[in-house]
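For the sequence shown, the working numbering begins at 118 and goes up steadily by one.
Just so it is clear, CB atoms sit at the ideal spot from N, CA and C, and this is done for glycine as well.
The structure under discussion appears below in the form of structure tokens.
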Amino acid sequence: MSELKLRGKIALVTGAGRGIGKATSKLLAKNGAEVVLTARTASEIDKVAENIVEDNGGALPISGDITNGSFVTNLFSQIQDQYGRLDILINNAGKAPFGTIEEMSVDVFRSCLELNVVAVFHCTQEAVKLMKARNDEGKIINIGSVRSHWSEAGGDGAYNASKFALKGLIETVARQLHGTGSKICVGLICPGGVDTSLVNPSGEPNPRLLRPSRVAEAVLHAVTSPPDVNIYDITLFNMSQVPW
């Protein structure tokens, strides 16, 4: 049964308090994984952890800011101390500031890259160390965007730049690891618009947007593939979102 596919696995999900991260955390736990939840807002991940435990799953919430290097180092140290391993990393946390080239400040642009790219690099680096130390096997899945492949509108320069950079980073890491025979698989999930507070802050029903649960299902597909199979790039969207 699918509920047993991740039994005994330890997973870390960043940005786990809402949207895609929340849906993914719950689905991984439902399929047997022990899930470490991290996000800046403690009350949100505490609630997700509560929901998981109520559903007979395992969860450990650890709040903090993954753009803080010391927090990231301590987070992975806690995982090592608590579980002695990490099998799955879901780099989900992200932000999407919008503004024209004339209006957006350099600080806002930089903060987008810090969370969407630099923090992903750091978390991936720490995850690879843990995975290599144990059995050189694991799944690292990154939440990109259709904007990792094309730019469909102006005013989204910071976000688009970060997602293009993420794709370049992940492709490079995937090639490095598989080129050395490692079974650490690194992949990218690129959804179109998703019905989250980031994309749809009003919360009004919008049938053009993907449900977070659909993205979570794509993540589950990637992390339950065989150890020597790297599902590198999945792009998903509603047909109403097709850009051609």
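Counting other Cβ atoms within 10 Å of its Cβ, Asn191 stays below 16 and is therefore classed as exposed. Taking the C-beta atoms as reference points, Leu177 is found no nearer than 8 Å to Ala210. Boundaries of the beta strand (DSSP E) around Thr352: 350 to 353. Judged by DSSP in its simplified three-state form, Leu326 adopts coil rather than helix or strand.
Around the Cβ of Val189, a 10 Å sphere holds 16 or more other Cβ atoms; the residue is buried.
Under DSSP, no beta-bridge partner is assigned to Asn252. Pairwise C-beta distances place the segment 202 to 216 in contact with the segment 239 to 250, as three or more of them are shorter than 8 Å. Val340 counts as buried, since no fewer than 16 other beta carbons sit within 10 angstroms of its beta carbon. Under the three-pair Cβ rule at 8 Å, the segment 156 to 163 counts as touching the segment 129 to 144. In summary, Lys126 is buried, with 16 or more beta-carbon neighbours lying within 10 Å of its beta-carbon over all protein chains present. Cys302 is bridged by DSSP to Lys256. When only Cα atoms are considered, Ala282 and Ser265 end up about 8 Å apart. Cβ neighbours of Gly181 within its own chain (closer than 6 Å, five residues either side excluded): Phe188. In the DSSP assignment, Ser180 falls within the beta strand (DSSP E) that extends over 175 to 180. Looking only at Asn347, Leu305, Asp224, the smallest Cα-Cα distance to Val332 is reached by Leu305.
Here the alpha carbon of Arg325 sits roughly 20 Å from the alpha carbon of Gly138. When the five nearest sequence neighbours on each side are left out, the beta carbons in the same chain lying within less than 6 Å of the beta carbon of Ala128 are those of Leu145, Ala150, Val152, Ile205, in order along the chain. Note on Ser194: under 16 other CB atoms within 10 angstroms of its CB, so exposed under the neighbour-count rule. Distance between Arg227 and Thr158, taken at the CA atoms: about 22 Å.
Contact between Leu353 and Leu337 is ruled out by a C-beta separation of about 13 Å, above the 8 Å threshold.
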